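Some notes on the structure that comes next.
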Amino acid sequence: MAENPPTASAKSELRRELLAARRALSPDARAAAAAALAVTALDLPELAGARTVAAYVSVGGEPGTRALLDALRAAGKRVLLPLLLPDNDLDWAAYEGPGSLAEAAHPGKMRLLEPSGPALGPEAVTEADAVLLPGLAVDGRGMRLGRGGGSYDRVLQRLERAGAHPALVVLLYDEEVVARVPEEPHDHPVQAVATPSGVRRFSS
Numbered sequence: 247m248a249e250n251p252p253t254a255s256a257k258s259e260l261r262r263e264l265l266a267a268r269r270a271l272s273p274d275a276r277a278a279a280a281a282a283l284a285v286t287a288l289d290l291p292e293l294a295g296a297r298t299v300a301a302y303v304s305v306g307g308e309p310g311t312r313a314l315l316d317a318l319r320a321a322g323k324r325v326l327l328p329l330l331l332p333d334n335d336l337d338w339a340a341y342e343g344p345g346s347l348a349e350a351a352h353p354g355k356m357r358l359l360e361p362s363g364p365a366l367g368p369e370a371v372t373e374a375d376a377v378l379l380p381g382l383a384v385d386g387r388g389m390r391l392g393r394g395g396g397s398y399d400r401v402l403q404r405l406e407r408a409g410a411h412p413a414l415v416v417l418l419y420d421e422e423v424v425a426r427v428p429e430e431p432h433d434h435p436v437q438a439v440a441t442p443s444g445v446r447r448f449s450s
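So the sequence shown is numbered by our numbering: it starts at 247 and just counts up by one.
So this is what it looks like as structure tokens:
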């Protein structure tokens with residue numbers, strides 16, 4: 247979906263700043279953040295009570311999700327992970343543990359770890375009780391700034407069309423909870439953010 251030029255420019259500038267800050271984090275800081283995030287995210291009632299959680303495997307400087315994925319699975323949750331399609335939409339497959347992940351090469355994009363089990367179809371996300379979203383920032387209204395690829399905009403639109411209302415939770419570093427995120431009409435607020443130091447809920 248096309249962005250309005252002034253908003254697109256503001257989003258791009260904020261993305262550059264946040265990505266630079268992520269690149270500056272040391273490996274030890276990233277590892278500590280990932281361990282803490284697994285603990286704080288599991289404190290969310292939306293995750294504690296969920297039977298199916300749509301999540302993702304972190305890449306690059308994103309807050310690490312591997313420990314959280316294993317904790318969710320150990321708690322008896324069905325965990326769905328995305329498979330990137332050629333048009334940037336997402337299919338889904340079940341996470342069956344670390345050994346079920348395989349490196350996937352997508353032309354022009356970074357290599358991703360994706361589940362190696364059977365694809366369940368893009369609509370599988372509508373079965374989730376909670377959806378964990380990647381992002382770069384969130385503000386006090388729950389407005390999320392994504393990476394700009396549009397994959398999760400499609401997921402959120404698919405949920406809306408299906409009349410599905412899972413809890414939407416974004417996973418971030420503490421300093422990525424900001425005063426204001428530039429927004430457009432198609433942007434959806436999230437219900438909560440989990441960071442290494444705790445969780446914050448937003449009113450709908």
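Even glycine gets a Cβ: it sits at the ideal position worked out from N, Cα and C. It should be emphasised that the depicted structure is a prediction, and the values quoted were computed from it without experimental measurement.
Practice task
Grab the span of the alpha helix (DSSP H) containing V285 for me, first residue to last.
Solution key: Here the question's residue 285 lines up with position 39 in the sequence shown. Unbroken alpha helix (DSSP H) run through V285: P273 to L288.
Exercise for the section: Give the secondary structure of E422 by DSSP, where H, G and I count as helix, E and B as strand, and everything else as coil. Expected result: As a position in the sequence shown, residue 422 is number 176, starting the count at 1. In the structure shown, E422 sits in a helix (DSSP, three-state: H, G or I).
Practice task
For the alpha helix (DSSP H) containing R404, list its first residue and its last residue.
Solution key: Here residue 404 refers to the residue found at position 158 of the sequence shown. It spans S397 to A408 - the alpha helix (DSSP H) in which R404 sits, taken as one unbroken run.
Practice task
Please say whether P435 and A374 have beta carbons closer to each other than 8 Å?
Solution key: Along the sequence shown, one-based indexing puts residue 374 at 128. Along the sequence shown, one-based indexing puts residue 435 at 189. No; because the gap between Cβ atoms is not below 8 Å, this pair is not in contact.
Exercise for the section: Could you have a look at V371 and say whether DSSP puts it in helix, strand or coil? Expected result: Residue mapping note: residue 371 aligns to position 125 of the sequence shown, counting from 1. Residue state, collapsed to three classes: helix.
Problem - 8 Å Cβ cutoff met for E418 and V439 - result: Position 172 of the sequence shown holds residue 418. Position 193 of the sequence shown holds residue 439. The sequence as given places Leu at residue 418; Glu does not occur at that position. Yes. Within cutoff.
Problem - Simplified DSSP state of P435, which is helix, strand or coil - result: Walking along the sequence shown from the start, residue 435 turns up at place 189. It is a strand residue.
Problem - Contiguous alpha helix (DSSP H) assignments of at least 4 residues, all confined to the stretch 304-341 - result: Taken in chain order, the complete alpha helix (DSSP H) segments of 4 or more residues contained in the stretch 304-341 are 312-320.
Handout entry: Where the alpha helix (DSSP H) containing A294 begins and where it ends
Key = By 1-based counting over the sequence shown, the position of residue 294 is 48. A294 -> alpha helix (DSSP H) spans P291 to A294.
Exercise for the section: Could you check which residue in R297, G343, A410 and Q403 has the C-alpha nearest to that of D433? Expected result: In the sequence shown, residue 433 corresponds to position 187, counting from 1. That would be Q403, whose Cα lies nearest to the Cα of D433.
Practice task
Could you say which of L330, A266 and L347 lies nearest to L315 if we only look at CA atoms?
Solution key: Along the sequence shown, one-based indexing puts residue 315 at 69. Considering only alpha carbons, the answer is L347.
Exercise for the section: Return the chain-ordered list of same chain residues with a C-beta closer than 7 Å to the C-beta of A370, the five sequence neighbours on each side being excluded. Expected result: In the sequence shown, counting from the first residue as 1, residue 370 sits at position 124. Around A370, the same chain offers L326 and W338 as residues with beta carbons nearer than 7 Å, after the five sequence neighbours per side are excluded.
Handout entry: Inter-residue spacing [alpha-carbon to alpha-carbon] between R407 and P328
Key = Numbered from its first residue, the sequence shown carries residue 407 at position 161. Numbered from its first residue, the sequence shown carries residue 328 at position 82. Taking the straight line from one Cα to the other gives about 19 Å.
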